[in-house]
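Below you'll find the structure, written out as structure tokens, and then a few comments.
There are 2 protein chains.
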Amino acid sequence: MAMADVACSDQAGTGRRRFSPLLTIEQVASRTGLTKRTLRYYEELGLLRPTGRSDGNYRLYSEDDVARVERIKELRDLLGFSLAEIRAFLEADDEREQLREAFRQESDAEARLAQLERCDALIQRQLQLIEQKIAGLEQLRASLQARLTRHAQRRTELLQQLPSLDQ
Amino acid sequence: MAMADVACSDQAGTGRRRFSPLLTIEQVASRTGLTKRTLRYYEELGLLRPTGRSDGNYRLYSEDDVARVERIKELRDLLGFSLAEIRAFLEADDEREQLREAFRQESDAEARLAQLERCDALIQRQLQLIEQKIAGLEQLRASLQARLTRHAQRRTELLQQLPSLDQ
DNA sequence: CATAAGCTTACCGTTTACGTCAAGGTTAAG
DNA sequence: CTTAACCTTGACGTAAACGGTAAGCTTATG
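In the order they appear, the protein sequences are chains U and W.
Counting with the working numbering, you get residues 45 to 211 for the letters of the first sequence.
Counting with the working numbering, you get residues 45 to 211 for the letters of the second sequence.
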């Protein structure tokens with residue numbers, strides 16, 4: 045066995061984690077359910093950039109990184125996005141993050157408003173995509189549910205036709 | 045130019061189409077937006093079986109076939125299903141169709157009820173898949189909308205800080 | 001009936017999204 | 001300090017989902 049704990053290992057249960065202990069690729073893999081290969085691949089595509097590296101050049105992931113991985117999984121599995129699309133989606137996120145940063149440094153109220161506008165525009169684009177998907181799915185669901193209710197109707201008709209149901 | 049109209053071409057606009065004119069692969073391709081290659085590929089995978097063939101062994105598609113193609117597109121684009129998953133999904137549809145057929149021929153009310161049960165079970169499985177996807181998407185949407193409302197709040201704060209807005 | 005436009009099967013090429021070694025450096029434990 | 005267990009970067013392999021091309025048959029028109 046090797047590689048016990050990489051950074052400041054917080055005794056389990058103390059609840060305090062001022063700066064969370066960075067994770068190895070193996071740990072991230074087991075927590076996210078992805079393989080190590082996949083994590084490296086996502087990095088290669090620019091979807092993910094682990095927070096740091098160890099002295100020996102090992103990848104080190106923060107909790108934020110893990111959250112990003114989860115986000116990627118969501119986009120991939122829920123939306124069926126290609127990794128290229130996810131990349132674009134996440135880049136919008138990143139730009140929002142940069143805007144947030146600029147926002148905090150900006151003192152001029154008008155400038156801050158403009159930044160909010162830009163940020164909202166990015167969010168709206170993402171929302172549109174999602175709502176489109178939802179609408180399609182709801183339509184599909186409706187058609188299936190309609191079938192179920194038709195069957196329910198049929199069923200009551202048939203039950204009335206049945207002579208009796210003793211036993 | 046060649047291949048004008050394959051079957052009984054209905055004068056446009058009469059509205060009557062007792063049995064619709066079968067379509068060539070080219071026509072199906074242009075109507076569905078898929079390529080001919082893709083249509084053949086889907087057939088190869090067992091997703092699609094054109095209603096018939098011409099004397100010269102040309103594929104002939106019915107309107108039902110076109111509807112099936114649209115269904116496949118929906119499942120692929122909306123649900124992000126793999127073609128293998130779509131195949132399973134459609135097989136459930138097909139089994140339902142067979143059950144419908146059996147249902148019409150069955151006279152015993154009890155037997156018909158049992159068939160309805162089986163059919164409903166198939167539908168429920170499909171519904172579960174869809175609702176799972178919808179739930180995930182709605183959560184994603186909610187988080188984005190929350191951001192928008194936070195921004196709206198911020199915006200009103202900033203507007204109050206602005207001294208004036210003449211011009 | 002010749003001929004161009006369309007269709008057929010068959011086969012090879014490509015992109016995406018990884019899996020799978022291979023060769024070699026790193027780290028914790030004995 | 002050796003060694004087993006991880007890690008690193010290549011490099012090659014592969015399944016899915018088509019794209020493209022070739023060789024040959026079909027069909028509507030001049």
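Note that beta-carbon positions come from the ideal geometry of N, C-alpha and C, so glycine has one too.
Since the structure is predicted, the reported quantities are computational estimates derived from the model, not experimental observations.
* Asked: Does DSSP put R103 (chain U) in a helix, in a strand, or in coil?
  -> R103 (chain U): strand per DSSP, three-state reduction.
(request) Mind listing, in chain order, the continuous beta strand (DSSP E) runs of no fewer than 3 residues lying wholly within the region 82 to 156 of chain U? (result) Counting whole runs of 3 or more residues, the region 82 to 156 of chain U contains no beta strand (DSSP E) stretch at all.
Original post:
Based on the DSSP secondary-structure assignment, which residues constitute the bridge partners of L67 (chain W)?
Top reply: In the DSSP secondary-structure assignment, L67 (chain W) is bridged to W:Y105.
- Task: Give the secondary structure of L78 (chain W) by DSSP, where H, G and I count as helix, E and B as strand, and everything else as coil.
- Result: Of the three classes helix, strand and coil, the one that applies to L78 (chain W) here is coil, per DSSP.
* Whole-angstrom Cβ separation of Q170 (chain U) and A136 (chain U), contact assumed at under 8 angstroms? -> So it is a contact: roughly 6 angstroms between Cβ atoms.
Of all Cβ atoms in chain U, is any one closer than 8 angstroms to the Cβ of A153 (chain W)? Output row for A153 (chain W): interface = yes.
>> Would L104 (chain U) and L66 (chain U) be called neighbours here (beta carbons separated by less than 8 angstroms)?
In response: A contact, by the Cβ cut-off of 8 angstroms.
- Query: Q204 (chain W) to V110 (chain W), Cα distance in whole Å?
  - Reply: When rounded, the distance between both Cα atoms is 58 angstroms.
Taking the straight line between their C-alpha atoms, what separation do you get for E154 (chain W) and A190 (chain U)?
Rounded to the nearest angstrom, the two C-alpha atoms are 23 angstroms apart.
| field | Contact set for R35 (chain U): own chain, Cβ-Cβ below 7 angstroms, skip 5 residues either direction | value | Outside the modelled stretch of chain U, which goes from 45 to 211, sits residue 35 (chain U), for which no answer is possible.
Proximity to L122 (chain U) [Cα-Cα], best of W:L134, W:T200, W:C163, W:R185:
For the set W:L134, W:T200, W:C163, W:R185, the Cα lying nearest the Cα of L122 (chain U) is the one of W:R185.
- prompt: Which chain W residues sit within Cβ distance under 9 angstroms of L202 (chain U)?
  reply: For L202 (chain U), the neighbours in chain W by C-beta distance under 9 angstroms run, in chain order, A153, E154, R156, L157, L160.
When the distance is taken between beta carbons, is L160 (chain U) closer than 8 angstroms to R81 (chain W)? Annotated as distal: R81 (chain W) and L160 (chain U), with beta-carbon spacing of 8 angstroms or more.
Check: What did DSSP end up calling L188 (chain W) once you bin it into helix, strand or coil?
Finding: Reduced to three states, the DSSP call for L188 (chain W) is helix.
Of the listed residues W:L192, W:E87, W:G77, nearest to I167 (chain U) (C-alpha basis): Scanning W:L192, W:E87, W:G77 for the CA closest to the CA of I167 (chain U) turns up W:L192.
My guess is that L181 (chain U) and K177 (chain W) are in contact by the Cβ rule of under 8 angstroms, so how many angstroms apart are they, rounded?
Cβ atoms of L181 (chain U) and K177 (chain W) come within 8 angstroms of each other, at about 6 angstroms.
key: S53 (chain U) versus L78 (chain W) - alpha carbon distance   = Note that S53 (chain U) has pLDDT 40, beneath the 50 cutoff, so the model's placement of it is unreliable and no number is given.
Taking the alpha-carbon positions, what's the Q149 (chain U) to A158 (chain U) distance?
Each residue's alpha carbon lies about 14 angstroms from the other.
Practice item. Taking all protein chains shown into account, decide if L206 (chain W) is buried (16 or more other Cβ within 10 angstroms of its Cβ) or exposed. Key: Exposed is the call here.
Near-chain U residues of the region 77 to 89 of chain W (beta-carbon distance less than 9 angstroms), N- to C-terminal order: From the region 77 to 89 of chain W, no residue has a Cβ closer than 9 angstroms to chain U.
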